[in-house]
Amino acid sequence: MAEIAGTGTQKKYGANRIIALLTLVYTASYLCRYSYATVLPEMVRATGRSKTELSVAVTCLFVCYGVGQLISGVLGDRLPPKRLVLAGMLTSCVINLIVPFTGSVWAVRVLWCLNGFAQAFFWPPIVAMMAALLDDKGYARGSEFVCYGGYLGTILLYLLSPLIINLWSWRGVFVLSSVPGLIIAAVFLILFPDVPPARSRAENSAENILETGAETGSETGSVPRTKGTIRALISVPLLLILLAIAAQGILKDGITTWMPTYISELFGLDTGKSILTGVLLPVFAMLSIKLTNILYKRVLTNPLVCAAAMFGAGTVAALGLFLVSGRSAVFTVLFSVLLAGSMHGANLMLICMIPPFFKAGGNVSAASGLLNSFAYLGSSLSALGLAAMSEALGWGNLFAVLAGIAVAGGLICFAVRGFKPKNS
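At the far end of the sequence shown sits residue 1298, using the numbering used here, and the numbering has no gaps.
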């Protein structure tokens, strides 16, 4: 029998327990999602293939993840979200076990496409479960800590990958990335409460209002309706916000994926050391999330204005990279973590703070999937596009392009700062 989600569930299971389990799940998802990107520089060195050729698989994951977000988002409002998360986790773990023993580049690309779809079944259902099980304060805290879980997964990959590569090979990173996911899936299955689909909760709520109105003789014309998903989500301001989300996806994941390669190419650091420098990105991202939350709560209470400020910081960082390109490893790392960190802050505002507005109509998961799909549309463009641009234009000119993207994202967010989602 599924638990009835809400304040009662939060009291029964405890907000801390709910948040901790979801954080562990998201940590495991990142281990299986970024295992390929983490060892990509070593794969380029070991296989002799070009970074453009090998990075196609990363693009495949991002594209399929983005498309899968739309599917996962819709399903997450109509099917039990806990089951969707478990299905995604088990599938992703199995794929990570298969990939290192697959000799064909094309087979790896197909498998990594499937991994992208599997990974899509984490975030929208997680957001739906947080919105259902936690109150407003708990949701805000849960969003922050679940994001930390993703960064923790990235830190573990970047810290342990050099050791695993030295003791085994890049193949070992894939194998060992799947083990925590299998363990956490079992724990999640046993300890996490079942959550009814959001659509069924919204419809039941409307029925209860109708019944109450009939009993009291009151009018029922103000009863909220569960609009169709497309009608509830689409508007011109939201479409502009989606473009800004794609921009932050290009900046955030482009730097995360290619900073180790850039450091290795321009400053002659070996692959292990350049991967290790990637630890600074998620560490600073966690700090950025905390600072962005403080800024949002105490100063810039409008999430779109706060996101615009983060794009402004990203513009400064990208221009800094342009100025120091090829000259200073220290300042290159500094501006890289500032750029990625500021985009993580923008991501928090744009991806986490908007979906709960669609709770009344049972479209939280769908809204989350739509927003996140555009983040990974940007990520897919960055994974392959930045590799090709770095080879064609050089890293310095590439950073100038990134600065322009950051400016555009900031202007969009500021222009639609008065946006309020439709009453869904």
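Even glycine gets a Cβ: it sits at the ideal position worked out from N, Cα and C.
CB contact flag (Cys-906, Ser-1051, <8 Å): The sequence position of residue 906 within the sequence shown is 32, counting from 1. The sequence position of residue 1051 within the sequence shown is 177, counting from 1. Yes, Cβ-Cβ distance for Cys-906 and Ser-1051 is below 8 Å.
First through last residue of the alpha helix (DSSP H) which encompasses Lys-1171: As a working note, residue 1171 is residue 297 in the sequence shown. Where Lys-1171 is concerned, the enclosing alpha helix (DSSP H) stretches over 1154-1172.
Spatial distance of Leu-870 from Thr-897 (CA atoms): This structure does not reach residue 870, given that the chain is present from 875 up to 1298, and the question cannot be answered.
Option nearest Thr-965 by Cα separation, candidates Leu-949, Thr-976, Ser-978, Trp-986: In the sequence shown, residue 965 corresponds to position 91, counting from 1. Ranking the options by Cα distance to Thr-965, first place goes to Trp-986.
Separation of Trp-1269 from Val-1001, as counted between CA atoms: The count along the sequence shown starts at 1 and reaches residue 1001 at position 127. The count along the sequence shown starts at 1 and reaches residue 1269 at position 395. Distance between the alpha carbons of Val-1001 and Trp-1269 is about 37 Å.
Cα-Cα separation between Trp-980 and Gly-1055, rounded to whole angstroms: Walking along the sequence shown from the start, residue 980 turns up at place 106. Walking along the sequence shown from the start, residue 1055 turns up at place 181. One C-alpha to the other measures close to 25 Å.
Lys-1011: first and last residue of the uninterrupted alpha helix (DSSP H) it sits in: The sequence position of residue 1011 within the sequence shown is 137, counting from 1. It spans 1010-1041 - the alpha helix (DSSP H) in which Lys-1011 sits, taken as one unbroken run.
Reduced DSSP secondary structure (H/G/I, E/B, other) of Val-959: Your numbering for residue 959 matches position 85 in the sequence shown. The answer is helix: DSSP assigns Val-959 an H, G or I state.
Backbone secondary structure at Phe-995 - three-state DSSP: Within the sequence shown, residue 995 is the residue found at index 121, counting from 1. Here Phe-995 sits in coil by DSSP.
Backbone secondary structure at Tyr-1137 - three-state DSSP: Counting from 1 along the sequence shown, the entry for residue 1137 is found at position 263. Reading the sequence as shown, one finds Ile at residue 1137 and not Tyr. In this structure, Ile-1137 counts as helix in the three-state DSSP scheme.
Sub-8 Å separation of Thr-1166 and Met-1217 beta-carbons: Position 292 of the sequence shown holds residue 1166. Position 343 of the sequence shown holds residue 1217. Cβ atoms of Thr-1166 and Met-1217: not closer than 8 Å.
Same chain only: Cβ atoms within 7 Å of Glu-1018, ignoring 5 sequence neighbours per side: Here residue 1018 refers to the residue found at position 144 when the sequence shown is read from its first residue. Counting only Cβ-Cβ distances below 7 Å, and skipping sequence neighbours, we find Ile-1163, Asn-1167.
The region 1200-1212 / the region 1107-1120 touching (three or more Cβ pairs under 8 Å): no
Alpha-carbon spacing of Pro-1177 relative to Arg-891, whole angstroms: Against the sequence shown, residue 1177 aligns to sequence position 303. Against the sequence shown, residue 891 aligns to sequence position 17. Roughly 28 Å between the two C-alpha positions.
Three-state secondary structure (DSSP) of Thr-1090: The residue you call residue 1090 lines up with position 216 of the sequence shown. For Thr-1090, the pLDDT reaches just 48, beneath the cut-off of 50, and the residue's location in the model is therefore unreliable, although a value from the coordinates is still provided. Helix, per DSSP.
For Ala-1234, the three-state DSSP class (helix, strand or coil): As a working note, residue 1234 is residue 360 in the sequence shown. Coil.
Limits of the alpha helix (DSSP H) - the one that Val-1290 falls within: As a first step, residue 1290 must be located in the sequence shown, where it is residue number 416. Val-1290 -> no alpha helix (DSSP H), and no H or E assigned at all.
Proximity below 8 Å, CB of Leu-971 to CB of Val-1049: Within the sequence shown, residue 971 is the residue found at index 97, counting from 1. Within the sequence shown, residue 1049 is the residue found at index 175, counting from 1. For Leu-971 and Val-1049, yes; Cβs fall inside 8 Å.
8 Å Cβ cutoff met for Phe-1273 and Ala-1192: What you label residue 1273 is simply residue 399 of the sequence shown in a count that begins at 1. What you label residue 1192 is simply residue 318 of the sequence shown in a count that begins at 1. Going by C-beta atoms, Phe-1273 is nearer than 8 Å to Ala-1192.
Straight-line gap, Leu-1260 to Gly-1128 (C-alpha atoms, nearest Å): In the sequence shown, counting from the first residue as 1, residue 1260 sits at position 386. In the sequence shown, counting from the first residue as 1, residue 1128 sits at position 254. The straight-line gap from Cα to Cα measures roughly 7 Å.
N-terminal and C-terminal residue of the alpha helix (DSSP H) that Tyr-900 is part of: As a position in the sequence shown, residue 900 is number 26, starting the count at 1. Start and end: 889-907.
Terminal residues of the alpha helix (DSSP H) in which Phe-1066 lies: Here the question's residue 1066 lines up with position 192 in the sequence shown. That residue, Phe-1066, is in no alpha helix (DSSP H); it is neither H nor E in DSSP.
Close-in-space but distant-in-sequence residues of the same chain around Gly-962 (CB under 6 Å, 5 per side omitted): Walking along the sequence shown from the start, residue 962 turns up at place 88. Excluding positions up to five away in sequence, the list reads Ala-992, Phe-995, Phe-996.
Three-state secondary structure (DSSP) of Arg-983: Position 109 of the sequence shown, counted from the first residue, corresponds to residue 983. In this structure, Arg-983 counts as helix in the three-state DSSP scheme.
Beta-carbon gap between Ile-1058 and Ala-1214 smaller than 8 Å: Against the sequence shown, residue 1058 aligns to sequence position 184. Against the sequence shown, residue 1214 aligns to sequence position 340. Contact: no.
Inside the region 1180-1264 only - beta strand (DSSP E) runs reaching at least 3 residues: none
Endpoints, the alpha helix (DSSP H) within which Leu-949 is located: As a working note, residue 949 is residue 75 in the sequence shown. Taken as a continuous stretch (DSSP letters only), the alpha helix (DSSP H) holding Leu-949 covers 930-950.
Selected residue, minimal CA-CA separation from Asn-1246, among Val-941, Leu-1125, Met-917: On the sequence shown, position 372 is the one that residue 1246 refers to. Closest by alpha carbon: Val-941.
Neighbour flag for Leu-1116 against chain B, beta carbons, 8 Å: The structure shown contains no chain B, having only a single protein chain.
Sub-8 Å separation of Ser-1239 and Gly-990 beta-carbons: Here residue 1239 corresponds to residue number 365 of the sequence shown, with the count starting at 1. Here residue 990 corresponds to residue number 116 of the sequence shown, with the count starting at 1. Cβ distance not < 8 Å, so Ser-1239 and Gly-990 don't count as in contact.
Straight-line gap, Ala-1187 to Gly-1200 (C-alpha atoms, nearest Å): Within the sequence shown, the letter at position 313 stands for residue 1187. Within the sequence shown, the letter at position 326 stands for residue 1200. One C-alpha to the other measures close to 22 Å.
DSSP-derived helix/strand/coil call for Ile-1279: Along the sequence shown, one-based indexing puts residue 1279 at 405. Ile-1279: helix per DSSP, three-state reduction.
Rounded distance between the beta-carbons of Gly-1016 and Leu-1244, thought under 8 Å: Mapped onto the sequence shown, residue 1244 falls at position 370. Mapped onto the sequence shown, residue 1016 falls at position 142. Wrong, their Cβ atoms sit about 20 Å apart, outside the cutoff.
DSSP-derived helix/strand/coil call for Leu-964: The residue given as residue 964 occupies position 90 in the sequence shown. Residue state, collapsed to three classes: helix.
Pairwise C-alpha distance: Leu-1063 and Val-1190: Translated into positions along the sequence shown, residue 1190 becomes position 316. Translated into positions along the sequence shown, residue 1063 becomes position 189. Distance between the alpha carbons of Val-1190 and Leu-1063 is about 45 Å.
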